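Asker: Have a look at this one.
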Amino acid sequence: MYFNSNIKFLRKRRGRTQDDVAFALEMKRSTLSGYENEVAKPSVEVLLAFSDYYKISVDTLIKIDLSSLPESQLRQLELGYDVFIKGSNLRILATTVDSEDNENIELVSEKAKAGYTSGFADPEYIKVLPTFKLPFLSRERKYRTFQISGDSMLPIPDQSFVTGEFVENWQHIKDGQPCIILTLDDGIVFKVVENKIENNGTFRLHSLNTLYEPYEIPVNEIKEIWKFVNYISSEMPDRNVEKDELVDEVRALRQEVKAIQMKLNL
11 MYFNSNIKFL
21 RKRRGRTQDD
31 VAFALEMKRS
41 TLSGYENEVA
51 KPSVEVLLAF
61 SDYYKISVDT
71 LIKIDLSSLP
81 ESQLRQLELG
91 YDVFIKGSNL
101 RILATTVDSE
111 DNENIELVSE
121 KAKAGYTSGF
131 ADPEYIKVLP
141 TFKLPFLSRE
151 RKYRTFQISG
161 DSMLPIPDQS
171 FVTGEFVENW
181 QHIKDGQPCI
191 ILTLDDGIVF
201 KVVENKIENN
211 GTFRLHSLNT
221 LYEPYEIPVN
231 EIKEIWKFVN
241 YISSEMPDRN
251 VEKDELVDEV
261 RALRQEVKAI
271 QMKLNL
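Right under this line is the structure:
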């Protein structure tokens, strides 16, 4: 746990005295000194107060030795791009469980998507969503299903139900991973992700449909990320005509080569 060393490091890095920080957090200087010297243990309220004061997630304050980070990552932290953040703001994921205390899969339909944008963190909103089970998914992970709209992710059809696994640490998202993303401005989007957090604190979002141009979104404009697991649709995907034509051409070339080989052997 690096909390004590981190709050001392951040205070000195920003040129602030113990009196300055103690006054801002409405605590005694001796209390602050106790936290910095690991004499006193912080409560949850204290952790949240320091997190809000330094604009750094509680997870980062506790688990990451900030003094060991390169200057580039420290600058990203100070700009609000917490590269180790688990979600854009620390919070307990609102979820539901069944009578045996197993996690449900909540369903966010097309009609519910607008409400989800503002109610995603509200347990009262989440508990009224329809729920179901997919027995082949792990009980150790959290899943949620969203109905997508539009043609940007064709060949996945419009109105498909896409299930995602909740992602806590966005740093671990790999390039090319399809994700359901809850954004501040665009609501719920389903895109293929290019992770650029280390470079400039953004994700570059790509559509499977090449008619749509990729675009970048800062991590501080994202509320949740769910890693694609599977999708359910009542529609059959369209036949891949180009692929079928290519197969036919290759088959024809093979036949021509075989015919030439037979003539050479005569």
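Mapped onto this note's numbering, the consecutive letters of the sequence shown carry residue numbers 11 to 276.
Using N, Cα and C, we set each Cβ at its ideal position, and we do this for glycine too.
If you're wondering where the values come from, they're calculated on a predicted model, not measured in any experiment.
1) PRO278 lies in the alpha helix (DSSP H); which residues open and close that run?
2) Does the beta-carbon of TYR225, which I'm using as the reference point, lie nearer than 6 Å to any heavy atom of the ligand FAD?
3) Is TYR222 helix, strand or coil by DSSP?
4) Considering only C-alpha positions, which residue in the set LYS51, VAL203, TYR222 and THR220 is nearest to PHE213?
5) Do MET7 and PHE200 have their C-beta atoms within less than 7 Å of each other?
6) Once the 5 residues before and after ARG21 are set aside, which same chain residues still bring their CB inside 6 Å of it?
7) For LEU192, list the residues DSSP reports as bridge partners.
8) So, for LEU57: in the same chain, excluding its five sequence neighbours on each side, which residues have a beta-carbon less than 8 Å away from its beta-carbon?
9) When DSSP builds the beta bridges, which residues end up paired with HIS216?
10) What would DSSP say about ILE242, mapped onto helix, strand or coil?
11) If you drop the 5 nearest sequence neighbours on each side, which residues of the same chain put their C-beta closer than 7 Å to that of ILE227?
12) Between the beta-carbon of ASP156 and the beta-carbon of ILE198, is there less than 7 Å?
13) Is it buried or exposed, ARG101, if we count other Cβ atoms within 10 angstroms and call 16 or more buried?
14) Measuring straight from C-alpha to C-alpha, what distance separates THR41 and LEU35?
15) Could you tell me the alpha carbon to alpha carbon distance between ASP277 and ILE190, rounded to whole angstroms?
16) Should SER98 be labelled buried (16 or more other beta-carbon atoms within 10 Å of its own) or exposed?
17) Does the Cβ-Cβ distance between PRO145 and SER243 come in under 7 Å?
Answerer: In brief:
1) Summary: the structure shown does not reach residue 278, with the chain confined to residues 11 through 276, and so no result is reported for it.
2) Inclusion of the ligand FAD in the displayed structure is not the case, the ligand content being empty and no account of it being possible.
3) Counting from 1 along the sequence shown, the entry for residue 222 is found at position 212. Looking at TYR222 - three-state DSSP - the assignment turns out to be coil, as it is neither helix nor strand.
4) The sequence position of residue 213 within the sequence shown is 203, counting from 1. Closest option to PHE213, Cα to Cα, is VAL203.
5) This structure gives no information on residue 7, because the portion of the chain shown stretches from 11 to 276.
6) Locating residue 21 in the sequence shown gives position 11, where the first residue counts as 1. Only VAL31 meet the Cβ criterion.
7) As a first step, residue 192 must be located in the sequence shown, where it is residue number 182. Beta-bridge pairing links LEU192 to ILE198 and GLU234.
8) The count along the sequence shown starts at 1 and reaches residue 57 at position 47. For LEU57, where only same-chain residues beyond five positions count, the Cβ hits under 8 Å are PHE13, VAL68, LEU71 and ILE72.
9) Counted from its first residue, the sequence shown places residue 216 at position 206. According to DSSP, which records beta bridges pairwise, HIS216 is partnered with VAL202.
10) Taking the first residue of the sequence shown as 1, we reach residue 242 at position 232. Of the three classes helix, strand and coil, the one that applies to ILE242 here is strand, per DSSP.
11) Here residue 227 corresponds to residue number 217 of the sequence shown, with the count starting at 1. The residues are THR193, THR212, PHE213 and LEU215.
12) In the sequence shown, residue 156 corresponds to position 146, counting from 1. In the sequence shown, residue 198 corresponds to position 188, counting from 1. In the sequence as presented, Asp is not what sits at residue 156; that position holds Phe. Yes.
13) For this step, residue 101 is matched to residue 91 along the sequence shown. Unreliable placement is indicated for ARG101, whose pLDDT of 42 sits below 50; the coordinate value is still reported in the next sentence. Exposed, since its Cβ has fewer than 16 Cβ neighbours within 10 Å.
14) Against the sequence shown, residue 41 aligns to sequence position 31. Against the sequence shown, residue 35 aligns to sequence position 25. Going by the C-alpha atoms only, they are around 11 Å apart.
15) Past the edges of the chain, shown from 11 to 276, lies residue 277, and the structure says nothing about it.
16) Here residue 98 is taken as the residue at index 88 of the sequence shown, counted from 1. For SER98, the predicted model reports a pLDDT of 42, less than 50, meaning its position is unreliable; a value from the coordinates is still stated below. With 16 or more Cβ atoms within 10 Å of its Cβ, SER98 is classed as buried.
17) Your numbering for residue 145 matches position 135 in the sequence shown. Your numbering for residue 243 matches position 233 in the sequence shown. No.
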